Amino acid sequence: MRPAIALAGLLLVALPSASALELGDLQLASAPEEPLRGHITIRGTGPVALSALDVTRASDRGHARAGINPSTLPPRLTLQQETSPADRIRVTTAAPTAVSEPGGTLEFLVRLRWPDGQLLRRYRIANEGGRLQASPASSARFGPTRSGDTLYSLAQQLRPPTVTNNQMMLSLLAENPASFSADNVNALRRDSYLAVPRGEALRFPDEATATERVRAQGRSWQADGGASTATGSASTTSTAPPSSPVPRLQLLPPDPRLTGSGSGDVGERLDAALEPLEAQLQRLESSNAELSQQNRSLQATLSRLEADLSRLEAQSARPVPPPDPPAPTETLTAGQVRAWLEGHARAALASPVVTLRRPAVQWTLGATALVLSLILLGLVRRRRARENTASAMPNSWRPAGGRVEQSAGVAETSLGEPRVRPLDEAPEDPLAQASERIAHGRLEAAQAVLDEALGEAPDSIDLRLKLLDVLAMRSDRSGFEAEAHVLRAQLDDPDDERWRTVARKGRALSPDHPLFQA
Numbered sequence: 083m084r085p086a087i088a089l090a091g092l093l094l095v096a097l098p099s100a101s102a103l104e105l106g107d108l109q110l111a112s113a114p115e116e117p118l119r120g121h122i123t124i125r126g127t128g129p130v131a132l133s134a135l136d137v138t139r140a141s142d143r144g145h146a147r148a149g150i151n152p153s154t155l156p157p158r159l160t161l162q163q164e165t166s167p168a169d170r171i172r173v174t175t176a177a178p179t180a181v182s183e184p185g186g187t188l189e190f191l192v193r194l195r196w197p198d199g200q201l202l203r204r205y206r207i208a209n210e211g212g213r214l215q216a217s218p219a220s221s222a223r224f225g226p227t228r229s230g231d232t233l234y235s236l237a238q239q240l241r242p243p244t245v246t247n248n249q250m251m252l253s254l255l256a257e258n259p260a261s262f263s264a265d266n267v268n269a270l271r272r273d274s275y276l277a278v279p280r281g282e283a284l285r286f287p288d289e290a291t292a293t294e295r296v297r298a299q300g301r302s303w304q305a306d307g308g309a310s311t312a313t314g315s316a317s318t319t320s321t322a323p324p325s326s327p328v329p330r331l332q333l334l335p336p337d338p339r340l341t342g343s344g345s346g347d348v349g350e351r352l353d354a355a356l357e358p359l360e361a362q363l364q365r366l367e368s369s370n371a372e373l374s375q376q377n378r379s380l381q382a383t384l385s386r387l388e389a390d391l392s393r394l395e396a397q398s399a400r401p402v403p404p405p406d407p408p409a410p411t412e413t414l415t416a417g418q419v420r421a422w423l424e425g426h427a428r429a430a431l432a433s434p435v436v437t438l439r440r441p442a443v444q445w446t447l448g449a450t451a452l453v454l455s456l457i458l459l460g461l462v463r464r465r466r467a468r469e470n471t472a473s474a475m476p477n478s479w480r481p482a483g484g485r486v487e488q489s490a491g492v493a494e495t496s497l498g499e500p501r502v503r504p505l506d507e508a509p510e511d512p513l514a515q516a517s518e519r520i521a522h523g524r525l526e527a528a529q530a531v532l533d534e535a536l537g538e539a540p541d542s543i544d545l546r547l548k549l550l551d552v553l554a555m556r557s558d559r560s561g562f563e564a565e566a567h568v569l570r571a572q573l574d575d576p577d578d579e580r581w582r583t584v585a586r587k588g589r590a591l592s593p594d595h596p597l598f599q600a
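So the sequence shown is numbered by this note's numbering: it starts at 83 and just counts up by one.
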């Protein structure tokens, strides 16, 4: 397994990498005496989708491990990822914090999670001279590492844009010796946390030196892994007894990875050994909380279903009362109606003044007067329409009045015998039929013929032009405007000669209408 990992690390040395995923500085927007307000920018997301990020405050155990007393945190310190822009984290508190007093400080850890891991960063806020100053720590923490993680893939996510993967791997190895089983970039331990140096705290060799060191460590790791495997197999074979071994008690030396020259090394080794256990405990606690929430939700759903079932059983057991019989209604006869009308008529004749003062009588008389007024108005408009139709006919269509004297020099023209056209020889063309009716002054009949023809052929421009001529003769302003709108859409050319003719007639009927303006 180790040779395969080392070979993969050597093959990935020359591949390009994405930019680092990191938490930016805390930008404050509140005064010391106000509730805390600020935001943190997420930088270098690269291929990681912003919707896949989860930003929360670190757990109390994580704060205690970082040397921060969880009881000093504000009770309602919230971290929420904004929707627009999605790469900003809003930091707020419900009330003023300890930094409202001069010299007060506040420290907390922010945890950024994504599908491939998580990142912890420490922030510190201090009240200096009546102003809040935010100073983040020089390094962040990434972890816990998983079984499939390699230092190369983690360096891809954590490195700054100006630092190569090999330089970042060597920097992480130098910063976190307790997270590796050997001084080799391929010896990353599982379930360990890595301190990620930032800014001036980031130390690394030049690019060429870093590449050579990573390649050398890969070759060394591959050789050591093969040799140890071969040695272990040989020793097992040579020392195997011919018969079953006798059980015995043997004292073994302590693991050199957990011992050191000083108490500081021992503490670091113990912390490194405890970190995987704490990570597993944290995952178990999170899973237990989710299961408890699901259990409570299922219990609430079951309680609601039991209540609904009890209510339905009670309703089904309750007898349904029969419907009430309909109340008897009195039958109204014609004699009763006649007697009622006669009584009201006699009362009205006896006291007409009192009758006229009644609201019902006044409303009836008003409605009757309104109907009569509408009828008279309709008759007047019909009479005016006939007069307008007669006056709208061209002079050439009107019968000539007077007697025409035949001059001596003009020969008499024979018109032949008069002939009456049968009904079956009536023109079938709607335009011809309309022209014939116009010639006889039957404008309404001509309009009816054209309306029927347009119903069968609504896209005919010639029929619509003829209909507009009839409407102009009848001075039908509303009808002319409606048909003109349709013709304007059909022609779609204001410079068309046909439209100009219609526009001149429209200006004569409706001078202020914008459709007919030049």
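Every residue gets a Cβ at the ideal spot worked out from N, C-alpha and C, and that includes glycine. Note that this is a predicted model, so its numbers are computed, not measured.
- Boundaries of the alpha helix (DSSP H) harbouring ASP544: 543 to 555, taken from the DSSP string.
- Every alpha helix (DSSP H) stretch that sits fully inside the stretch 142 to 227 and reaches 4 residues is listed by chain position as 142 to 147.
- Annotated three-state conformation of LEU108 is strand, per DSSP.
- Looking at the DSSP output, PHE262 bridges to LEU270.
- DSSP, reduced to helix, strand and coil, places ARG139 within a strand of the structure shown.
- Proximity of the stretch 154 to 167 to the stretch 184 to 193 meets the contact definition, three or more beta-carbon pairs being nearer than 8 angstroms.
- By the C-beta criterion, the stretch 518 to 526 is judged to be in contact with the stretch 545 to 559, since at least 3 inter-stretch pairs fall below 8 angstroms.
- A Cβ-Cβ contact shorter than 8 angstroms links SER274 with PRO226.
- Here DSSP, grouped into helix, strand and coil, assigns ALA131 to coil.
- By the Cβ-count criterion, ILE207 is buried, with 16 or more other Cβ atoms from all chains shown falling within 10 Å of its own Cβ.
- Taking all protein chains in view, the Cβ of ASP558 is crowded by 16 or more other Cβ atoms within 10 Å, so the residue is classified as buried.
- The alpha-carbon separation between PRO167 and VAL137 amounts to approximately 15 angstroms.
- Taking a 10 Å sphere around the C-beta of GLN418, we find fewer than 16 other C-beta atoms and assign the residue as exposed.
- Under the three-state reduction of DSSP output, HIS595 falls in the coil class, being neither helix nor strand.
- Within the DSSP bridge table, the entry for VAL278 names ALA222 as partners.
- Using a 10 angstroms sphere on the CB of HIS145, the tally of other CB atoms reaches 16 or more, which defines it as buried.
- Looking at the DSSP output, ILE122 sits in a beta bridge with LEU108, ILE171.
- Secondary structure note for PRO512: its alpha helix (DSSP H) is the uninterrupted segment 512 to 521.
- The criterion of a C-beta distance shorter than 8 angstroms is not satisfied by ARG570 and LEU545.
- For GLY230, there is no enclosing alpha helix (DSSP H), as DSSP marks it with neither H nor E.
- Of the candidates ARG285, ARG228, ALA256, the residue whose Cα lies closest to the Cα of THR244 is ARG285.
- In the three-state reduction of the DSSP assignment, VAL419 falls in the helix class.
- Taking the C-beta atoms as reference points, ASN247 is found no nearer than 8 angstroms to ALA256.
- Burial is judged here by how many other beta carbons sit within 10 angstroms of a residue's own beta carbon; PRO576 has fewer than 16 and is exposed.
- In the DSSP annotation of this structure, the continuous segment of the alpha helix (DSSP H) that includes GLU526 starts and ends at 525 to 538.
- The stretch 177 to 186 makes contact with the stretch 114 to 124; the number of CB pairs closer than 8 angstroms reaches 3 or more.
- For LEU414, there is no enclosing alpha helix (DSSP H), as DSSP marks it with neither H nor E.
- For GLU563, the uninterrupted alpha helix (DSSP H) segment begins and ends at 559 to 573.
- Around the beta-carbon of LEU352, fewer than 16 other beta-carbon atoms lie within 10 Å, marking it exposed.
- It is roughly 17 angstroms from the alpha-carbon of SER235 to the alpha-carbon of GLN299.
- Rounded to the nearest angstrom, the gap between the Cα atoms of ALA514 and ARG464 is 27 angstroms.
- For the set ASN266, ALA277, ARG272, ARG280, the Cα lying nearest the Cα of ASP306 is the one of ASN266.
- Taking C-beta atoms as the reference points, LEU201 and LEU135 fail to come closer than 8 angstroms.
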